[in-house]
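*Asks:*
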Amino acid sequence: MTPRLHTDASNGHLRRLGDMMLYQFRMGTNPRRVSIYLSEKGIDVPRYELDYANLEHRTPEYLRINPSGRAPSLVTDDGTVITEAAAIVEYFEELFPEPTMIGTSPEQRAQVRALERLGNDLIARSMLWLWNTTNAFPRKEPQPSKAFADMLYRHVDELLAVLEQAIGENAFLAGEIPTIADCTVFPIFQTARERFNLSYAAHYPRLNAWYENFRARKSAEY
Ligand SMILES: N[C@@H](CCC(=O)N[C@@H](CS)C(=O)NCC(=O)O)C(=O)O
């Protein structure tokens, strides 16, 4: 299946995929993995903004698309449904390998994927922490517990420490160019720090520098 491509006359590098639909919550951590990636690549995909407050993601219509009732979901030109942010990102990366955001050799790709998977785990642990640290997710955690949150943060911090080491002196998580690993890790930092104004990874100088650097990119606009 080859998607229909259109070049936007006003922006020569923008690649528009007119017949797809990306279901998202604009502020959601996992949907932002995809939207940040698409912005970095200059790919324009039609979006459907799910009405989270009114539980549109739990309606029978949406559950037919994504039985987990979560976002993001992508419906491709031929009606194929792709769920899971990482799968959606890798799908686009296969459609548009240049400029690469996953690496050019099997070894590089494995290293980027390893960091990306670590980021996936970081998000999962961090979400449990957020559900217990804020009152913003009453359907997930009706009675947030500070003690539980503190325990969960230790598991978050364990992965942050690995990322702090992995980034070394690099500008981006996997080296000198942004990769899908940055697209996965950045949104959870942004959710914790900007959306909920929480201290997150505050004592990791390299990750702090990376965050500020990435935050200045157009793709990170919130
Ligand atoms: N592993 C999934 C996680 C998706 C996910 O949890 N999305 C959140 C938004 S950040 C969601 O839809 N939450 C609604 C719910 O769980 O009810 C992915 O990578 O796409």
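Letter by letter, the sequence shown follows residues 0 to 221 of numbering that gives the first Met the number 0.
Yeah, the Cβ is synthetic: ideal placement off N, Cα and C, and Gly gets one too.
Alpha carbon to alpha carbon, how far is S144 from R194?
*Replies:* For this step, residue 144 is matched to residue 145 along the sequence shown. For this step, residue 194 is matched to residue 195 along the sequence shown. Approximately 20 Å between the Cα atoms of the pair.
*Asks:* Under the rule that 16 or more other beta-carbon atoms within 10 Å means buried, what is D18, buried or exposed?
*Replies:* On the sequence shown, position 19 is the one that residue 18 refers to. Exposed is the call here.
*Asks:* What residues does ligand 1 have around it, judged by CB closer than 5 Å to any heavy atom, in chain order?
*Replies:* After applying the 5 Å Cβ criterion, the set is G27, T28, N29, R69, A70, E83, A84.
*Asks:* Can G118 and V161 be called in contact, C-beta distance under 7 Å?
*Replies:* Looking up residue 118 in the sequence shown gives position 119. Looking up residue 161 in the sequence shown gives position 162. In this structure, V161 does not lie closer than 7 Å to G118 by Cβ.
*Asks:* Go ahead and pull the three-state DSSP assignment for Y203.
*Replies:* Taking the first residue of the sequence shown as 1, we reach residue 203 at position 204. Residue state, collapsed to three classes: coil.
*Asks:* Leaving out the 5 sequence neighbours to the left and right, which residues in its chain are closer than 6 Å to A191 when beta-carbon positions are compared?
*Replies:* Locating residue 191 in the sequence shown gives position 192, where the first residue counts as 1. These residues qualify, in order along the chain: L197, Y199.
*Asks:* For the candidate residues A215, I176, A219, whose alpha-carbon lies nearest to that of P98?
*Replies:* As a working note, residue 98 is residue 99 in the sequence shown. Selected option, being the one with the closest Cα: I176.
*Asks:* How long is the line joining the alpha carbons of N29 and E168, rounded to whole angstroms?
*Replies:* As a position in the sequence shown, residue 29 is number 30, starting the count at 1. As a position in the sequence shown, residue 168 is number 169, starting the count at 1. Answer to the nearest angstrom: the Cα atoms are 27 Å apart.
*Asks:* Out of G27, A70, T58, which has the shortest C-alpha to C-alpha gap to M20?
*Replies:* Working through the sequence shown from its first residue, we reach residue 20 at position 21. The option with the nearest alpha carbon to M20 is A70.
*Asks:* For W128, tell me which candidate among Y36, V155, T82 has the shortest Cα-Cα distance.
*Replies:* On the sequence shown, position 129 is the one that residue 128 refers to. Here the closest residue by C-alpha is V155.
*Asks:* Tell me, to the nearest whole angstrom, how far the beta carbon of E115 is from that of A85; I am working on the premise that it is less than 8 Å.
*Replies:* The residue labelled residue 115 in the question sits at position 116 within the sequence shown. The residue labelled residue 85 in the question sits at position 86 within the sequence shown. Between A85 and E115 the Cβ distance is about 6 Å, and since that is below 8 Å, they are a contact.
*Asks:* CB I64 to CB V80, shorter than 7 Å?
*Replies:* Here the question's residue 64 lines up with position 65 in the sequence shown. Here the question's residue 80 lines up with position 81 in the sequence shown. Cβ distance < 7 Å, so I64 and V80 count as in contact.
*Asks:* Excluding the five sequence neighbours on either side, which residues of its own chain have a C-beta within less than 7 Å of the C-beta of S38, listed in chain order?
*Replies:* One-based indexing of the sequence shown puts residue 38 at position 39. Counting only Cβ-Cβ distances below 7 Å, and skipping sequence neighbours, we find K217, S218.
*Asks:* How big is the Cα-Cα spacing for G41 and S125?
*Replies:* One-based indexing of the sequence shown puts residue 41 at position 42. One-based indexing of the sequence shown puts residue 125 at position 126. Distance between the alpha carbons of G41 and S125: 29 Å.
*Asks:* Near Y221, what residues of its chain come up, given a Cβ to Cβ distance below 7 Å and the 5 sequence neighbours on each side ignored?
*Replies:* For this step, residue 221 is matched to residue 222 along the sequence shown. So the list reads Q189, E193, once near-sequence residues are dropped.
*Asks:* From this set, V88, T132, A135, which residue's C-alpha is nearest R112's C-alpha?
*Replies:* Taking the first residue of the sequence shown as 1, we reach residue 112 at position 113. R112 has its Cα closest to that of V88, out of V88, T132, A135.
*Asks:* Report the CB separation of I179 from Y36 in whole angstroms; it is logged as a contact under 8 Å.
*Replies:* Taking the sequence shown and counting its residues from 1, one reaches residue 179 at position 180. Taking the sequence shown and counting its residues from 1, one reaches residue 36 at position 37. Their Cβ separation, rounded to whole angstroms, is 6 Å, which keeps I179 and Y36 in contact under 8 Å.
*Asks:* Roughly how many angstroms lie between the CA atoms of D181 and Y47, to the nearest whole one?
*Replies:* What you label residue 181 is simply residue 182 of the sequence shown in a count that begins at 1. What you label residue 47 is simply residue 48 of the sequence shown in a count that begins at 1. Cα-Cα distance, rounded: 24 Å.
*Asks:* Suppose the cutoff is 6 Å on Cβ atoms and the five residues either side in sequence are ignored; what does the same chain contact list for T1 look like?
*Replies:* The residue given as residue 1 occupies position 2 in the sequence shown. With a pLDDT of 36 at T1, under the threshold of 50, the modelled position of this residue cannot be trusted, and the question is left open.
*Asks:* Quick one: what's E48 bridged to in DSSP?
*Replies:* Start at 1 with the first residue of the sequence shown, and residue 48 comes out as number 49. Beta-bridge pairing links E48 to Q23.
*Asks:* May I have a chain-ordered list of the alpha helix (DSSP H) segments no shorter than 4 residues that lie completely inside the stretch 115-149?
*Replies:* List check, alpha helix (DSSP H) in window: nothing returned.
*Asks:* Near L73, what residues of its chain come up, given a Cβ to Cβ distance below 6 Å and the 5 sequence neighbours on each side ignored?
*Replies:* Working through the sequence shown from its first residue, we reach residue 73 at position 74. Counting only Cβ-Cβ distances below 6 Å, and skipping sequence neighbours, we find L21, I81, I87.
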